[in-house]
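Residue numbers (UniProt numbering): 1 to 395.
#1: Tell me the rounded alpha-carbon separation between residue 232 and residue 145.
#2: Residue range of the beta strand (DSSP E) that residue 151 falls in?
#3: Looking at the secondary structure, which residues open and close the beta strand (DSSP E) in which residue 382 lies?
#4: Please report how far the alpha carbon of residue 392 lies from the alpha carbon of residue 330, in whole angstroms.
#5: Are the beta-carbon atoms of residue 247 and residue 60 separated by less than 8 Å?
#6: Would you call the stretch 209-224 and the stretch 26-36 touching, i.e. three or more CB-CB distances under 8 Å?
#7: To which residues of the same chain is residue 377 closer than 6 Å at the C-beta, ignoring the five residues directly before and after it?
#8: Pick out the complete alpha helix (DSSP H) segments inside the stretch 99-172, 4 residues or longer, and give them in chain order.
#9: Output the residue ranges of the beta strand (DSSP E) runs that lie fully inside the stretch 32-97 and measure 3 residues or longer, sorted by chain position.
#10: Would residue 375 and residue 133 qualify as a contact pair, given that the criterion is a beta-carbon distance under 8 Å?
#11: Give the C-beta separation of residue 298 and residue 11 to the nearest angstrom, bearing in mind that I take them to be a contact with Cβ-Cβ under 8 Å.
#12: Find out if the Cβ-Cβ distance for the pair residue 303, residue 382 is shorter than 8 Å.
#13: Could you tell me how far apart the beta carbons of residue 35 and residue 359 are, in whole angstroms, since I believe they sit closer than 8 Å?
#14: Taking the alpha-carbon positions, what's the residue 99 to residue 23 distance?
#15: Do residue 158 and residue 254 count as a contact pair if the criterion is CB distance below 8 Å?
#16: Using a Cβ-Cβ cut-off of 8 Å (strictly less than) and excluding sequence neighbours within five positions of residue 89, which residues of its own chain qualify?
#17: Would you please state the rounded distance, in angstroms, between the beta carbons of residue 161 and residue 185? I believe it to be under 8 Å.
#18: Spatial neighbours of residue 355 within its chain, please: C-beta separation below 7 Å, excluding the five flanking residues on both sides.
#19: Determine the DSSP secondary structure at residue 341, reduced to helix, strand or coil.
#20: Ordered along the chain, which non-local residues of its own chain (more than five positions away) have a Cβ less than 8 Å from that of residue 268?
#21: What are the uninterrupted segments assigned as alpha helix (DSSP H) that are 4 or more residues long and contained completely in the stretch 185-273, given in chain order?
Right under this line is the structure:
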């Protein structure tokens, strides 16, 4: 039997049938009518801000940075525990990353390291909610940014539905970004939302969205095929269905990262607006967010007990926070992270390696950020959505 997967596990038969129906009437789903309805629903769900949906969380980040007018090599403080997609988004928007070290309690930016990283060129700080957790120094960094007149970008790619002191993550920054990529809390295969809480940024974001091109019919069709493929291969638990899906659609399935992104160049589809077809999938996924979060939190509680009983280092929620628990991070020996197959076989789950470098998966070293480098060597992560019959599934 295949290992319990990390990717696309929120897809259900509803998205399968919706994708099939949308493919049959694709010309009707290439506008943005459903997109605007989804954006308004997202704004209502957050309770704040101005939302615009794009064909990727990374593209949404680039648009959010542009909405803050952070071009001309403006410095943006980022954690030394992130991915190349984040760095690309900053670069494509004309900004420059400035690495700061993290803290180990929540894998968020360390406030003292942020203070040391600030230079005259610094104009923003990006607070990344890794694995859907709130970092130990979250509130202190917000205060520091206010004192230095820095814009705050909340990277909520891992944290859709997480809350802090009763408010959803994403409302604390000037802008926030959310992702619906395969590996995220909910998925449309590719997709994301930029949320502007600042009036000027909201106006710029709206203009950027209106000017953004829509994907063509073949591109939308490939994404709908990817929804259908991933349902059968990753979410259904049906081995025969998975085999048929691979044979039917395997050659058209979209990758997680485009080849150009590894070479730090702009991919052809970057910056596209989300069309109605994909917004319909996102809307269906959002219907189940509360149920998905409940399952993720229950599974995280199970993994906490499991790890605690074995003396394995793990993370806990900070006071006042309700994490999304996209994944459950563990501290392990570097040798185990380098060869995680024994752990996968023992648990019967895929084990994630976010992040292996400060620019995952691209090789990079930031020696002045020892805690970030240590986390890159020792943090692995477990899935928090398991099939009901799985031996480690939460009751």
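Glycine is no exception: its CB is placed at the ideal position from the N, C-alpha and C atoms.
The answer reads as follows:
#1: 45 Å
#2: Segment 151-155, the beta strand (DSSP E) holding residue 151.
#3: Residues 379-383.
#4: 16 Å
#5: When the beta-carbon positions are compared, residue 247 and residue 60 stay at least 8 Å from each other.
#6: By the Cβ test, the stretch 209-224 is in contact with the stretch 26-36, since at least three Cβ pairs between them sit closer than 8 Å.
#7: 334
#8: 111-117, 138-147
#9: Entirely contained in the stretch 32-97, the beta strand (DSSP E) runs reaching 3 residues are, in chain order, 50-54, 75-79.
#10: Taking 8 Å as the Cβ cut-off, residue 375 and residue 133 do not qualify as a contacting pair.
#11: At roughly 20 Å, the Cβ-Cβ gap does not stay under 8 Å, so residue 298 and residue 11 are not in contact.
#12: At the C-beta level, residue 303 and residue 382 come within 8 Å of one another.
#13: Going by Cβ atoms, the distance from residue 35 to residue 359 rounds to 31 Å, so no, they are not a contact pair.
#14: 43 Å
#15: no
#16: 58, 59, 61, 62, 65
#17: 6 Å
#18: 81, 82, 83, 376
#19: Of the three classes helix, strand and coil, the one that applies to residue 341 here is helix, per DSSP.
#20: Contacts found: 258, 260.
#21: As summarised for the stretch 185-273, the continuous alpha helix (DSSP H) elements at least 4 residues long and confined to that stretch are 199-211, 217-230, 239-249, 259-262, given in chain order.
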